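Those protein sequence lines, which keep their order, are chains A, B and C.
So that you can map any letter, position 200 of the first sequence is 200 in this note's numbering, and since no number is skipped, the others follow by simple counting.
So that you can map any letter, position 90 of the second sequence is 90 in this note's numbering, and since no number is skipped, the others follow by simple counting.
So that you can map any letter, position 153 of the third sequence is 153 in this note's numbering, and since no number is skipped, the others follow by simple counting.
All C-beta atoms in this analysis are idealised placements derived from N, C-alpha and C, irrespective of residue type, glycine included.
Here the structure is a predicted model, which is why all the values come from computation and not from measurement.
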Amino acid sequence: MSHQPCAIVGIGQTHHKKARRDVSFAGLVREAAQRALDDAQMTWTDIDAVVVGKAPDLFEGVMKPELYLSDALGATGKPMFRVHTAGSVGGTTGIVASHHVETGRFERVLAVAFEKQSEGNAQFALGSGKSGSLGAGGAFAPYMRSYIARSGAPLDIGPMVAVKDRLNGCKNPYAHLKLKDIDLDTVKASPMLWEPVRFLESCPSSDGACAAVFTNQAGGEAAAKAGRQPAWILGSAVRSEPSTFPGRDPVRPQGAVDCAWDVYGQAGITNPREQIDCAELYVPFSWYEPMWLEAHDIAEPGEGWKMTERGDTALGGSFPVNMSGGVLSSNPIGASGLLRFTEAALQVRGMAGEHQVEGAKVALAQAYGAAAQYFSMWVVSNSLDPFGN
Amino acid sequence: MSEVREMTIQFPYKRSLGPVVGAFMTALTEQRIIGIRNGEQVICPPIEWDPATGNELAHDFVDVGPAGTVESWSWVAKPSEQHPLDHPFAFALIRIDGATTSLLHAVDAGSIDAMSTGMRVAPRWKGTRIGHISDIDAFVPGEVSEVAGDDTGPAAEPVEMMDYNASIAYTLPVTANELRAEQANEEGRFLGLKCPKCGRLYTGGRGFCPIDAIELGHEHEVDLPQKGVITNYTIIEPVPYPGQTMTEPFARVMVLLDGADIVLGYQPTIDLPVTDLHIGIRVEAVWASDAELDDLASTAEGRLLGWIPTGEPDVTDPELVNRIY
Amino acid sequence: MPNADDIAIIGWNVSPMVRHTDKTEAQMLLEVCSGAVEHAGITRAEIDFTCAGSCDYVAGQAFSFVQNIDALGAWPPKRDSHVEMDGAWAMYEAWLRLQIGDIDTALVMGSGRSSTADPTLIYPMEMDPYYLAPLGTDATSFAALQARALIDAGKVTERQMAEIAARTRRDGKDSPYAQVTGDFDVDALLAEEYVNAPLRRHDLPPITDGACAVVIARADRARELCDNPVFITGFAHYTEAHYPGVRSLLESPSITLAAKAAGVDEGPIEVAEIQAAYTHEEPLIVEALGLGADVAVNPSGGPQAANPIMATGLVRVTEAARQIRDLGKSRTLAHSTSGPCLQQNLVCVLEGDAK
Numbered sequence: 001m002s003h004q005p006c007a008i009v010g011i012g013q014t015h016h017k018k019a020r021r022d023v024s025f026a027g028l029v030r031e032a033a034q035r036a037l038d039d040a041q042m043t044w045t046d047i048d049a050v051v052v053g054k055a056p057d058l059f060e061g062v063m064k065p066e067l068y069l070s071d072a073l074g075a076t077g078k079p080m081f082r083v084h085t086a087g088s089v090g091g092t093t094g095i096v097a098s099h100h101v102e103t104g105r106f107e108r109v110l111a112v113a114f115e116k117q118s119e120g121n122a123q124f125a126l127g128s129g130k131s132g133s134l135g136a137g138g139a140f141a142p143y144m145r146s147y148i149a150r151s152g153a154p155l156d157i158g159p160m161v162a163v164k165d166r167l168n169g170c171k172n173p174y175a176h177l178k179l180k181d182i183d184l185d186t187v188k189a190s191p192m193l194w195e196p197v198r199f200l201e202s203c204p205s206s207d208g209a210c211a212a213v214f215t216n217q218a219g220g221e222a223a224a225k226a227g228r229q230p231a232w233i234l235g236s237a238v239r240s241e242p243s244t245f246p247g248r249d250p251v252r253p254q255g256a257v258d259c260a261w262d263v264y265g266q267a268g269i270t271n272p273r274e275q276i277d278c279a280e281l282y283v284p285f286s287w288y289e290p291m292w293l294e295a296h297d298i299a300e301p302g303e304g305w306k307m308t309e310r311g312d313t314a315l316g317g318s319f320p321v322n323m324s325g326g327v328l329s330s331n332p333i334g335a336s337g338l339l340r341f342t343e344a345a346l347q348v349r350g351m352a353g354e355h356q357v358e359g360a361k362v363a364l365a366q367a368y369g370a371a372a373q374y375f376s377m378w379v380v381s382n383s384l385d386p387f388g389n
Numbered sequence: 001m002s003e004v005r006e007m008t009i010q011f012p013y014k015r016s017l018g019p020v021v022g023a024f025m026t027a028l029t030e031q032r033i034i035g036i037r038n039g040e041q042v043i044c045p046p047i048e049w050d051p052a053t054g055n056e057l058a059h060d061f062v063d064v065g066p067a068g069t070v071e072s073w074s075w076v077a078k079p080s081e082q083h084p085l086d087h088p089f090a091f092a093l094i095r096i097d098g099a100t101t102s103l104l105h106a107v108d109a110g111s112i113d114a115m116s117t118g119m120r121v122a123p124r125w126k127g128t129r130i131g132h133i134s135d136i137d138a139f140v141p142g143e144v145s146e147v148a149g150d151d152t153g154p155a156a157e158p159v160e161m162m163d164y165n166a167s168i169a170y171t172l173p174v175t176a177n178e179l180r181a182e183q184a185n186e187e188g189r190f191l192g193l194k195c196p197k198c199g200r201l202y203t204g205g206r207g208f209c210p211i212d213a214i215e216l217g218h219e220h221e222v223d224l225p226q227k228g229v230i231t232n233y234t235i236i237e238p239v240p241y242p243g244q245t246m247t248e249p250f251a252r253v254m255v256l257l258d259g260a261d262i263v264l265g266y267q268p269t270i271d272l273p274v275t276d277l278h279i280g281i282r283v284e285a286v287w288a289s290d291a292e293l294d295d296l297a298s299t300a301e302g303r304l305l306g307w308i309p310t311g312e313p314d315v316t317d318p319e320l321v322n323r324i325y
Numbered sequence: 001m002p003n004a005d006d007i008a009i010i011g012w013n014v015s016p017m018v019r020h021t022d023k024t025e026a027q028m029l030l031e032v033c034s035g036a037v038e039h040a041g042i043t044r045a046e047i048d049f050t051c052a053g054s055c056d057y058v059a060g061q062a063f064s065f066v067q068n069i070d071a072l073g074a075w076p077p078k079r080d081s082h083v084e085m086d087g088a089w090a091m092y093e094a095w096l097r098l099q100i101g102d103i104d105t106a107l108v109m110g111s112g113r114s115s116t117a118d119p120t121l122i123y124p125m126e127m128d129p130y131y132l133a134p135l136g137t138d139a140t141s142f143a144a145l146q147a148r149a150l151i152d153a154g155k156v157t158e159r160q161m162a163e164i165a166a167r168t169r170r171d172g173k174d175s176p177y178a179q180v181t182g183d184f185d186v187d188a189l190l191a192e193e194y195v196n197a198p199l200r201r202h203d204l205p206p207i208t209d210g211a212c213a214v215v216i217a218r219a220d221r222a223r224e225l226c227d228n229p230v231f232i233t234g235f236a237h238y239t240e241a242h243y244p245g246v247r248s249l250l251e252s253p254s255i256t257l258a259a260k261a262a263g264v265d266e267g268p269i270e271v272a273e274i275q276a277a278y279t280h281e282e283p284l285i286v287e288a289l290g291l292g293a294d295v296a297v298n299p300s301g302g303p304q305a306a307n308p309i310m311a312t313g314l315v316r317v318t319e320a321a322r323q324i325r326d327l328g329k330s331r332t333l334a335h336s337t338s339g340p341c342l343q344q345n346l347v348c349v350l351e352g353d354a355k
């Protein structure tokens, strides 16, 4: 059996907020799912299978919540699946959903990823309730320090990313943070949280959900004919590596490099900087923008920060990154990966509204998790053959 | 079975109910049970969607009960600390009058002999109701609702939130490797394990080499050096949460041990103000004396108090900062 | 019948099934992964995709599966995934993945140390957070409700339940992977007190720590590596509504749907390894699968003999595979379940190679 094309024909997300007190769990998830179904012009009964993803259940204190959500997601009488690959889970959710279609066994699959983390406390959950929790930022701060040292990047680069992503967020109606008055000075004046990372360089904690409808070639072509441009998956890949062994480089993890080249290979990309029009990368702390640009070989080692500094990664630049505002603007942890993946899809579908990259044809999305050891990535396009091969 | 460690995960979760569950909970405070209409059906307790199609249900609420019929029941002989009653009781699926689905709740029947499928039950309401499924203390045999204690009346505002205090106690076995590492720590030593295949070093508690996927044990043990150099670090601004005891910014440093290719990650420091912290400081391990051990707040480090500057000249090597692992 | 596109099981390994293990979950996994890879006659390096099933709350730690990666030998980095479900569903993900066609082999696993906490306190947390979890409704209470409904409807009797308990524990005597075995007298069992009426202690599964790993491969590769690969000719799972009060507890439509989609009725089934953790579930599951009285059910002893939650379903797969590879059967099935009163169910049909 071979790889059959897969299209994303419906995308939905919630308005991400610090706390969505107006909804139950189901309400939060359904909001995104209903939007995706509406976008795909489908109903719950059109869906053949549901794939749910979220980060540790300790965040909300509901174990295996997909069981309770089965009927809320119209999964009664259907297959329902739950993935959990730490921070990359949103991406993995999309990839597993796409596999359901690519095998030819399912025609229309709904992927949903969410987090309602305001019900608990993320720091608590990350430390499993122990004192002196590093939090996510504390664990990564040394990685960022290493990047700054090895690349020679000026210290303003992190704050520049923080400003750019938040200003992009102002153009995204769903983004949690809309800090329109943010600038370099306010970022640099904000309290240090995990040296060298400051408060305004760190992601928020958000409640939110994201959903996408995947279908096969026939479904994608039908949507295109009806004037609803699908996003075609040109390639997808995942990689995991162990976190702790002597000599491991968590700044340019081998898994990040391998995952990228796997995806590029599938998509026919030999020069990612030139052939990819824009990217949604999982940047929860500012310095991760140049770090991922380099780890995924979009920039040469030591050159990633220059892309940021030059304005290449700005919305109007030559390689826009995180046009949606990224994880720095909204971070419902379980959903963030799928948000990256669907925002990339929105770009090539021409549906990104105010944060649209003009003429985006090929977009890259990436999510990572744990100690920068889980990676999920995909490349989407509005054409099955954008490079004319 | 060697040693075990107790650990409790507990957290006071706060859940938002949304409009449908919220309406049900608010009604409970009014001693009312409501269901939601779905065509011919009345679903109680109400949910937000049609269980068959997934479609959103209109907020068409119906008062049901308060009495109902037991459709199935079990008898909990030894209630757990999470159960609604602390003496033997029944869990039952109760078809509340007017509903077409059944509600799960406790029946305080007194004895298993008083339970039967088809029996009639009615709610015993708590005197003080907050908008929680346990506002019904339990159902009791009969047709008539009762109130336990003084009735403080309905909620003043619509109920939108609920608390959930999850607490689970775990008894985790401590592996032989962990025990030996802890024993070494007790004696003021760092136990390492050397992979016989690739030669990499790991801290003693680890059971294996993840590169070669082979088990490491007693025969692979080495004593790790007690001196090293700070290669990288962060300074953390503490965040309050249940269980947190830190109040001032604290450092966590990576220490590359002298003459051993292993980095100990996220280590605490001693006598090193965060303002003086930098890469290259030579440090050595400081262990608590027996007297100090009693005072130590529970940390992951056991007897290790932290790493203290030795006073020797710094190591200058631009590659140091990359030794995070 | 197996065809060129099918995926086959080429090796597996099951850990000792014990009441309390001294090992970490990662250590258990290391052993079963090594064992499965060896049984399959390959090396870890030749594994193209890994997928694990485990649960943070069972482990008592957020991101617990991250440590488990260390057991995989994920260096160079591996294509790898994880589901917060039984290993049987991890196998489903891998089964789908291999059908994409670009890679050949996958290692799947399931693991759990249930001994570390009281199941009565953990499993309420997987129930509806508003209506059920706050009442501490545990899995055994739900099972008891379903048992009562079945007894009231004349579908099973307490005696039949005790007979199932005796039969499975007796059958388990032959299995190296059974924890609770022995010869039990049905009348003596029935004289015991109820634990959660109508369930007595013998109606409940044991608490078990254990792990399991399975290697699967695409047909061509499977035949290269193995003389008698066990083919997966049908694989499906379905879920039902969550709240038991909106379902009939007398039937399991998701099992019937899964059986149909997996093609159970397309040929005779000789052995069914089913995840009937509670005795009353056996006749319900067997009926929903559409199996006749001639099918041997849980000759391994089933979850009544050993119930390593998060691996139980995958162990059923290995037992169903063993019937074909080692015991001469041609067509068997494995079943796994999740959620209160058999809410979600998976069915896997296995066949020996057509020669």
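Contacts that residue i makes with chain B (C-beta to C-beta distance below 7 Å)
i: residue 196(C); result: 74, 75, 76 and 77
Residue interval of the alpha helix (DSSP H) (run including residue i)
i: residue 263(A); result: 254-267
i: residue 177(B); result: 176-186
i: residue 185(A); result: 184-189
Residues near residue i in its chain [Cβ-Cβ closer than 8 Å; skip 5 each side]
i: residue 277(B); result: 230, 233, 235, 251, 253 and 269
i: residue 194(C); result: 200
Segment limits, beta strand (DSSP E) that includes residue i
i: residue 234(B); result: 227-236
i: residue 264(B); result: 263-267
i: residue 125(B); result: 120-126
i: residue 116(A); result: 108-116
Contacts that residue i makes with chain C (C-beta to C-beta distance below 8 Å)
i: residue 335(B); result: Shown here, chain B extends from 1 to 325; a query on residue 335(B) therefore has no answer.
Interface residues of chain C facing residue i [CB-CB closer than 9 Å]
i: residue 199(B); result: None at all; the shortest Cβ gap to chain C is about 14 Å.
i: residue 303(B); result: Those do not exist, as residue 303(B) stays about 22 Å from chain C at its closest Cβ, beyond 9 Å.
Partners in chain A for residue i, counting only beta-carbon separations shorter than 7 Å
i: residue 52(B); result: 76
i: residue 97(C); result: 99
Proximal residues of chain A, C-beta to C-beta of residue i below 8 Å
i: residue 110(C); result: Neighbours of residue 110(C) on chain A: none; closest Cβ ~14 Å, over 8 Å.
7 Å Cβ shell around residue i - same chain, five flanking residues per side excluded
i: residue 301(B); result: 268
i: residue 24(B); result: 34, 45 and 46
Cutoff 6 Å; reference residue i; Cβ partners in own chain excluding five residues on either side
i: residue 18(B); result: none
Do three or more CB pairs link the region 96-108 of chain C to the region 273-289 of chain A at distances below 8 Å? Flag = no, the region 96-108 of chain C and the region 273-289 of chain A do not touch.
Is the region 151-161 of chain B touching the region 174-185 of chain B, taking contact as three or more C-beta pairs under 8 Å? Counting Cβ pairs under 8 Å, fewer than three are found: no touch.
When you compare the region 134-148 of chain C with the region 87-94 of chain B, are there three or more beta-carbon pairs, one atom per stretch, that lie closer than 8 Å? Yes, since at least three Cβ pairs between the region 134-148 of chain C and the region 87-94 of chain B fall closer than 8 Å, the two stretches touch.
Between the region 181-195 of chain C and the region 161-172 of chain C, are three or more C-beta pairs nearer than 8 Å? With a cut-off of 8 Å on Cβ pairs, the region 181-195 of chain C is in contact with the region 161-172 of chain C, counting three or more such pairs.
Contact the region 188-200 of chain B vs the region 57-76 of chain B: 3+ CB pairs below 8 Å: By the Cβ test, the region 188-200 of chain B is not in contact with the region 57-76 of chain B, since fewer than three Cβ pairs between them sit closer than 8 Å.
Three or more C-beta pairs under 8 Å: does that hold for the region 144-152 of chain B against the region 114-129 of chain B? Contact holds: three or more Cβ-Cβ distances are below 8 Å.
The region 163-179 of chain B contacting the region 279-289 of chain B, beta-carbon criterion three pairs below 8 Å: Output reads no: the region 279-289 of chain B does not touch the region 163-179 of chain B.
Within the region 54-127 of chain C, note down every full alpha helix (DSSP H) run reaching 4 residues or more, in order along the chain. Segments of the alpha helix (DSSP H) lying fully in the region 54-127 of chain C: 56-59, 64-68, 87-99 and 119-122.
Touching by the beta-carbon criterion (3+ pairs, under 8 Å), the region 52-59 of chain B and the region 199-219 of chain C: In this structure the region 52-59 of chain B does not touch the region 199-219 of chain C; the number of beta carbon pairs closer than 8 Å is below three.
Quick check: the region 13-23 of chain A against the region 170-184 of chain A, are at least 3 beta-carbon pairs closer than 8 Å? A contact exists between the region 170-184 of chain A and the region 13-23 of chain A.
Would you be able to state if there are at least three C-beta pairs under 8 Å between the region 287-307 of chain A and the region 152-165 of chain A? These segments touch.
Per the contact definition of three or more C-beta pairs closer than 8 Å, is the region 308-322 of chain C in contact with the region 79-96 of chain C? Here the region 79-96 of chain C lies against the region 308-322 of chain C, with 3 or more beta-carbon pairs under 8 Å apart.
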